[in-house]
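Participant: Residue numbers (the working numbering): 1 to 256. For every residue, glycine included, the Cβ atom is placed at its ideal position computed from N, Cα and C. Have a look at this one.
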C-alpha cells in the first residue's frame, strides 16, 4: 500500500519537493502497509524550519530528496505556499502532521499489523511513550523500542541497532530524534532495512504526555510554532527568529 504514495503529485516549495497528499489518504497508505516493503521508505514530515534548514544546507536538502524519501507537509505555511503557487493541486494539499499520523496509525493497528518500533527520546520519555501506547492503543503491536545515546553512534553501534530492528520484524520505525538528526536517520534506515521509517519529532513527547500540544485552532491557523516557542523559549527562540524569515524567503525565491 505504501507504494501508492509514489504516484501522487509532487511540487516544490523552496528547495524541497513535497508529495501533495490528502491527510486521510496518507494515513490509510501508512496504516494499511502491514508487511515490510520491498525497499525501505523514509517519510519526512517537513515544516517551515525544515525548509529553512534545507535552504541553508544542500546536503540536508539532498537527504530529504533521495529516491527512498517522501516529504509531506507538517505545517500550515507550507500548505499555504503550495496552494498559492500550484492551484491545480490546491484541493489535495493538506497539512499532514507527523503527530496526527502516528496517533491515527496506532489507532488503526491490530494483531495483523503494522508492527511498530520506537527509536528516540530519553529513557523516561520513551518509557512514558510505551506506557501511553499500551494504554491508549492496546491493539497496536510493539515490536521494540530503544533510546539511543545523544551522540553520533559508531559504525558497530549502528549495525547492532539495525540488527535489533530487523530481528524484531518491525514494519514501521517511528523515529523521534529531533530535526535534522531524525531525517538523516530515517534515510539511513531506509537504505539499510526494508521498513517504513518515519521522522516524527515531537510526536513522542505528545503521546508520552511530557509536552503539551497546541490547540487545534492554533495548528490550523499556522500558529503551532508560537505555542511551542512559549513552551520552550530558551531552546526555540533562535530557531524561529532565524527559521521563519528564512522559510518565507526560500519559498518566495523558489516560487514557479
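So, is residue 228 buried or exposed, given that buried needs 16 or more other C-beta atoms within 10 angstroms?
Facilitator: With 16 or more Cβ atoms within 10 Å of its Cβ, residue 228 is classed as buried.
Participant: Would you decide whether residue 209 is buried or exposed? Buried here means 16 or more other CB atoms lie within 10 Å of its CB.
Facilitator: Residue 209 comes out exposed.
Participant: From this set, 253, 134, 171, which residue's C-alpha is nearest residue 1's C-alpha?
Facilitator: The residue with the shortest Cα to Cα distance from residue 1 is 171.
Participant: To which residues of the same chain is residue 90 closer than 6 Å at the C-beta, ignoring the five residues directly before and after it?
Facilitator: Only 83 meet the Cβ criterion.
Participant: Go ahead and pull the three-state DSSP assignment for residue 70.
Facilitator: Strand at residue 70.
Participant: Measuring only the C-alpha atoms, how far is residue 104 from residue 31?
Facilitator: Spanning the two alpha carbons is a distance of roughly 8 Å.
Participant: Does the pairing of the region 61-75 with the region 140-148 give three or more beta-carbon distances under 8 Å?
Facilitator: Touching, no.
Participant: Alpha carbon to alpha carbon, how far is residue 138 from residue 111? Give it in angstroms, no decimals.
Facilitator: Near 10 Å, if we compare the C-alpha coordinates of residue 138 and residue 111.
Participant: Going by beta carbon distance, what residues of the same chain come within less than 7 Å of residue 34, once the five residues before and after it are set aside?
Facilitator: Around residue 34: 112, 113, 114, 171.
Participant: Closest to residue 261 by CA distance: which of 29, 96, 53 is it?
Facilitator: Since the displayed the chain opens at 1 and closes at 256, residue 261 lies outside it and no answer follows.
Participant: Give the straight-line distance between the Cα atoms of residue 174 and residue 215, rounded to the nearest whole angstrom.
Facilitator: Roughly 23 Å between the two C-alpha positions.
Participant: Which whole-angstrom value is the C-beta distance of residue 46 and residue 74, which I expect to be below 8 Å?
Facilitator: Yes, residue 46 and residue 74 are in contact; Cβ-Cβ is about 6 Å, under 8 Å.
Participant: Alpha carbon to alpha carbon, what distance is there between residue 42 and residue 151?
Facilitator: Going by the C-alpha atoms only, they are around 21 Å apart.
Participant: With respect to the beta strand (DSSP E) encompassing residue 174, which residues constitute its N-terminal and C-terminal limits?
Facilitator: Residues 172-176.
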